[in-house]
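Peer 1:
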Amino acid sequence: MDVIQDWATLLLQHVGSSSLQPLLPLYDTLRVHVVPFAQTLVAKLAEKPDLATLALLAIILWLSLKILGFFYGLVMYWVRMAVRLALLAALLAAGTYVATRGVEGAADDARYWAGVWTKEYRRYQDQVDQAREWQLQQMQQQQPMARR
Numbered sequence: 001m002d003v004i005q006d007w008a009t010l011l012l013q014h015v016g017s018s019s020l021q022p023l024l025p026l027y028d029t030l031r032v033h034v035v036p037f038a039q040t041l042v043a044k045l046a047e048k049p050d051l052a053t054l055a056l057l058a059i060i061l062w063l064s065l066k067i068l069g070f071f072y073g074l075v076m077y078w079v080r081m082a083v084r085l086a087l088l089a090a091l092l093a094a095g096t097y098v099a100t101r102g103v104e105g106a107a108d109d110a111r112y113w114a115g116v117w118t119k120e121y122r123r124y125q126d127q128v129d130q131a132r133e134w135q136l137q138q139m140q141q142q143q144p145m146a147r148r
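Everything in the sequence shown is counted per the UniProt record's numbering, starting at 1 for the first residue and increasing by one.
Put into structure tokens, the structure is as follows:
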């Protein structure tokens with residue numbers, strides 16, 4: 001054990017001194033300013049354990065929110081990538097369809113499907129209008145009964 005301590009002392013004195021020399025002023029400055037603050041903080045927390053509990057809860061909350069934010073970013077990355085891949089696949093499929101069918105054939109097909117969708121939309125809109133008229137009639141029939 002003495003051998004390890006001797007070597008550790010030797011290494012800290014000779015090897016670390018040259019590489020850590022630029023950081024020593026920063027270390028001294030931090031020690032002068034941070035150590036008294038940390039000592040008073042620890043003393044106050046030791047006097048009032050409730051504050052220590054609240055501080056611990058605040059730290060746990062902060063860490064959990066940081067972790068949650070990390071996972072949110074991770075999930076959003078994969079969702080964005082999946083959406084981009086789906087859009088790229090749709091664009092490639094549309095390009096392949098136009099290339100095989102031709103521009104005029106694809107335009108004719110688009111016009112046909114637009115007509116089908118417009119006709120279906122009008123049919124559904126008529127059903128909605130009929131349902132509203134029926135509800136209005138039902139409400140008007142119930143109002144005279146309520147007045148009696």
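Backbone N, C-alpha and C fix where the C-beta goes; we use that ideal spot for every residue, glycine too.
Give the C-beta separation of Leu-45 and Ala-52 to the nearest angstrom, bearing in mind that I take them to be a contact with Cβ-Cβ under 8 Å.
Peer 2: Indexing the sequence shown from 1 puts residue 45 at position 45. Indexing the sequence shown from 1 puts residue 52 at position 52. Indeed they touch by this definition, with Cβ atoms about 4 Å apart.
Peer 1: Tell me the residue span of the alpha helix (DSSP H) that contains Pro-22.
Peer 2: Translated into the one-based positions of the sequence shown, residue 22 becomes position 22. First-last for Pro-22: undefined, no H or E at that position.
Peer 1: Which residues mark the beginning and the end of the alpha helix (DSSP H) in which Lys-48 is found?
Peer 2: On the sequence shown, residue 48 is found 48 positions in, with the first residue counted as 1. Note, Lys-48: premise wrong, no alpha helix (DSSP H); not H, not E.
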